[in-house]
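Shown next, in structure tokens, is the structure this report addresses.
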Amino acid sequence: MVTISQEQWGFMSERYATDAIFIVMEKYREKRKPCYLAFLDLEKAYDRLHRAVLWKSLRGRGVPERLVSVIKDMYEGSKAAVRTPHGMTKKMDITMGVHQESARSS
Numbered sequence: 001m002v003t004i005s006q007e008q009w010g011f012m013s014e015r016y017a018t019d020a021i022f023i024v025m026e027k028y029r030e031k032r033k034p035c036y037l038a039f040l041d042l043e044k045a046y047d048r049l050h051r052a053v054l055w056k057s058l059r060g061r062g063v064p065e066r067l068v069s070v071i072k073d074m075y076e077g078s079k080a081a082v083r084t085p086h087g088m089t090k091k092m093d094i095t096m097g098v099h100q101e102s103a104r105s106s
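Counting in UniProt numbering, the sequence shown runs from 1 upward without gaps.
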């Protein structure tokens, strides 16, 4: 079983980003210190990621080439089809994005 810390807010039921923001603001208010916040909406960011950028980033962070190759191999030949009211479409190559909500995304 995985234990999730109390500080974890992402993807938790009944926990919202706005609640976390208000907690941070309140902590700064209690200490009478200025609080500056910036927000960046990354909605669907992983869906749009160019994989070549990911490989370059991994290498740039010192990930061994052997491990980069293993990760790349998991994505090679990725295909998908769409179920429509008229049946399944032809399989299409998936060339962008990363696996999400799977063991591969951990």
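We put the beta carbon where it would ideally sit given N, CA and C, even for glycine.
- Report yes or no: do the segment 87-97 and the segment 32-41 share at least 3 C-beta pairs separated by less than 8 Å? no
- Task: Confirm, please, whether the CB-CB distance from L49 to M92 is below 8 Å.
- Result: no
- Nearest to A52 by CA position, among S69, F22, I21, is which residue? S69
- Please look up how many angstroms separate the CB atoms of I94 and K79, rounded, as I've assumed it's under 8 Å. 6 Å
- With DSSP as the reference, label R15 as helix, strand or coil. coil
- Query: In this structure, does DSSP put G77 in helix, strand or coil?
  - Reply: coil
- Collapsed DSSP secondary structure at R51 in the structure displayed: helix
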